[in-house]
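Chains as they are written, first to last, in our numbering: chain G, 18 to 394; chain Y, 9 to 111. Structure record follows, encoded as structure tokens.
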Ligand code: SF4
């Protein structure tokens, strides 16, 4: 319990853990097998590890670290496409720093930059548009990445570029959408999930209504959760309460940021600019129907995929990598043969080791506590 | 990128394009506020408000206490420093000179 000292509300956390323990002891299923609760969002994964939340929970609760880190699920073939665009002499390729180290089949963007490609890290797609205005003789490509949290920002930037008539700006759109992904997870035969912690900031954009099918058709509880340790603990308690009462509802623990109907302005920009792709390839999870978006026809001139010929090939993940099994929660990161040996945050082989929000990197950084427990398994 | 960072709107830069300057732990940066304004809550009324900022876009209005607590947890996660560093990057070599990323 060493991490618990850092809580600002230590007593409250201790009380919550007691309540969680009491609640779990009244759930019959928990006596047969651990209750599997998936946190969908990488931000939660990070927070759970940083504060050692797993170690505080009774052993009847198993947290499954879901696929909600957009950097971690980026397939190698897409990184290769980025490198191919970035290496064109006329292109300035702009990206969030997070994506720089994701391995491609030959190189990451970081390595491509070292080899001379003009790749610039930006904080915002607006910065990419500024670069486009300042370099009219170059082609500026922005690497659009993320779930619904960042999708509106790319859409609004495209709308801005369209209204200004900027012609040398385009987006390599790799935005992904959460609901089909959750559906794929729920349909996956190897998974036995008992409930979800819903993503906080995706929900800030889409609201809570899109999750209703989880409760209605799959009869699983979901609690949209904030990122502070107390939020996470409280949300786990709320999920357990539903399990205990035999309910499956979508509840909102993070109402101070997440309005039930989402953000209207953001949603209308998203609807204006994007349409669903038939399918999208995920690292470790394979192809998931309707899980990605692309630009609609009226914005075709801002679509890097249509502007540049891309290799666009599917590259299989290296066979020894077990990222897929980790992403689906079938194994824990330390059970991957490469974990901590060939695959470390300095030399990542899988994307889960790249971002602080990836389960492998989080375990590597903060995981000693839980790994000790793993030794006993 | 996904967790965002709280900032306080200190100035409206462009009412039509919905651009404002925010202060994030002392770092000033222009952000887009299109997602937090509407008829009841026009651009001009935003000065002084706390917002949650994701990749240069204010995505949600929050209260001062929420802002402080979010900043604290982001600092503990190491995300605040990275985010502020990324925000600051384009400004480092300003002052007459064009910044590296804008060249
Ligand atoms: S340790 Fe590396 S290869 Fe193994 S699952 Fe994690 S990221 Fe993938």
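A virtual CB, placed ideally from N, CA and C, is assigned to each residue, including glycine.
Where the alpha helix (DSSP H) containing residue i begins and where it ends
| i | result |
| --- | --- |
| residue 285(G) | 281-290 |
| residue 252(G) | 246-262 |
| residue 37(G) | 27-41 |
| residue 130(G) | 126-131 |
| residue 372(G) | Per DSSP, residue 372(G) belongs to no alpha helix (DSSP H) and is neither H nor E. |
Contact belief for residue i with residue j at Cβ below 8 angstroms, rounded distance in angstroms
| i | j | result |
| --- | --- | --- |
| residue 9(G) | residue 58(G) | As displayed, chain G neither begins before 18 nor continues past 394, which places residue 9(G) out of reach and without an answer. |
| residue 155(G) | residue 109(G) | 5 angstroms |
| residue 54(G) | residue 212(G) | 5 angstroms |
| residue 67(G) | residue 85(Y) | 5 angstroms |
| residue 164(G) | residue 92(G) | Contact doesn't hold; Cβ gap of about 16 angstroms is too wide. |
| residue 37(G) | residue 84(G) | Not a contact, Cβ separation roughly 25 angstroms. |
| residue 52(Y) | residue 23(Y) | 7 angstroms |
| residue 73(G) | residue 34(G) | 5 angstroms |
Cross-chain neighbours of residue i in chain Y, by beta carbon under 8 angstroms
| i | result |
| --- | --- |
| residue 187(G) | Correct list: empty, because the minimum Cβ distance to chain Y is about 18 angstroms. |
| residue 271(G) | Per Cβ cutoff of 8 angstroms: no residues; residue 271(G) is ~10 angstroms from chain Y at best. |
| residue 59(G) | 10 |
| residue 173(G) | 40, 42, 43, 65 |
Pair within 8 angstroms by beta-carbon distance, residue i and residue j
| i | j | result |
| --- | --- | --- |
| residue 292(G) | residue 310(G) | yes |
| residue 1(G) | residue 327(G) | Absent from the structure is residue 1(G), since the part of chain G shown begins at 18 and ends at 394. |
| residue 82(G) | residue 197(G) | no |
| residue 18(Y) | residue 45(Y) | no |
| residue 258(G) | residue 52(G) | no |
| residue 125(G) | residue 96(G) | yes |
| residue 116(G) | residue 146(G) | no |
| residue 189(G) | residue 160(G) | yes |
| residue 380(G) | residue 362(G) | no |
| residue 368(G) | residue 354(G) | no |
| residue 371(G) | residue 280(G) | no |
| residue 295(G) | residue 60(G) | no |
| residue 232(G) | residue 266(G) | yes |
| residue 12(Y) | residue 30(Y) | no |
| residue 58(Y) | residue 75(Y) | yes |
| residue 70(G) | residue 249(G) | yes |
| residue 246(G) | residue 122(G) | no |
| residue 141(G) | residue 34(Y) | no |
| residue 350(G) | residue 356(G) | yes |
| residue 44(G) | residue 253(G) | no |
| residue 286(G) | residue 176(G) | yes |
| residue 179(G) | residue 316(G) | yes |
| residue 111(G) | residue 10(Y) | no |
| residue 301(G) | residue 263(G) | no |
| residue 238(G) | residue 260(G) | yes |
| residue 173(G) | residue 345(G) | no |
| residue 49(Y) | residue 170(G) | no |
| residue 332(G) | residue 339(G) | no |
Endpoints, beta strand (DSSP E) assigned at residue i
| i | result |
| --- | --- |
| residue 35(Y) | 35-40 |
| residue 294(G) | Run containing residue 294(G): none; DSSP gives neither H nor E here. |
| residue 58(G) | 52-58 |
| residue 67(Y) | 65-70 |
| residue 155(G) | Premise fails: residue 155(G) is in no beta strand (DSSP E) and is neither H nor E. |
| residue 336(G) | No beta strand (DSSP E) contains residue 336(G), which DSSP labels as neither H nor E. |
| residue 70(G) | Note, residue 70(G): premise wrong, no beta strand (DSSP E); alpha helix (DSSP H) at 70-73. |
| residue 268(G) | 267-269 |
| residue 83(G) | 78-85 |
Residues that residue i contacts on chain G, provided the C-beta gap is smaller than 7 angstroms
| i | result |
| --- | --- |
| residue 43(Y) | 169, 280, 282, 283 |
| residue 12(Y) | 218 |
| residue 85(Y) | 63, 64, 67 |
| residue 133(Y) | Because chain Y here runs from 9 to 111, residue 133(Y) falls outside it and cannot be looked at. |
Proximal chain G residues relative to residue i, where beta-carbon distance stays under 8 angstroms
| i | result |
| --- | --- |
| residue 64(Y) | 140, 141, 142, 143, 144, 170 |
| residue 54(Y) | Here the premise fails: no neighbours, minimum Cβ distance about 13 angstroms. |
| residue 70(Y) | 273, 274 |
| residue 75(Y) | Within chain G, no residue comes near residue 75(Y); the closest Cβ sits about 11 angstroms away, beyond 8 angstroms. |
| residue 28(Y) | Those do not exist, as residue 28(Y) stays about 12 angstroms from chain G at its closest Cβ, beyond 8 angstroms. |
Proximal chain Y residues relative to residue i, where beta-carbon distance stays under 9 angstroms
| i | result |
| --- | --- |
| residue 1(G) | The structure shown does not extend to residue 1(G), since chain G is modelled only from 18 through 394, so no value can be given for it. |
| residue 373(G) | 85, 86, 87, 90 |
| residue 83(G) | Under the 9 angstroms cutoff, chain Y gives no residues; its nearest Cβ is about 13 angstroms from residue 83(G). |
| residue 12(G) | The structure shown does not extend to residue 12(G), since chain G spans only 18 to 394, so no value can be given for it. |
Contact set between residue i and chain G, taken where Cβ atoms lie within less than 9 angstroms
| i | result |
| --- | --- |
| residue 60(Y) | 218, 221, 274 |
| residue 33(Y) | Under the 9 angstroms cutoff, chain G gives no residues; its nearest Cβ is about 14 angstroms from residue 33(Y). |
Contacts that residue i makes with chain Y (C-beta to C-beta distance below 7 angstroms)
| i | result |
| --- | --- |
| residue 166(G) | 10, 62 |
* Pocket of the ligand SF4 (residues with CB nearer than 6 angstroms to any heavy atom), chain order -> This criterion selects 338(G), 339(G), 340(G), 343(G), 350(G), 353(G), 355(G), 356(G), 360(G), 366(G), 367(G), 369(G), 370(G), 377(G).
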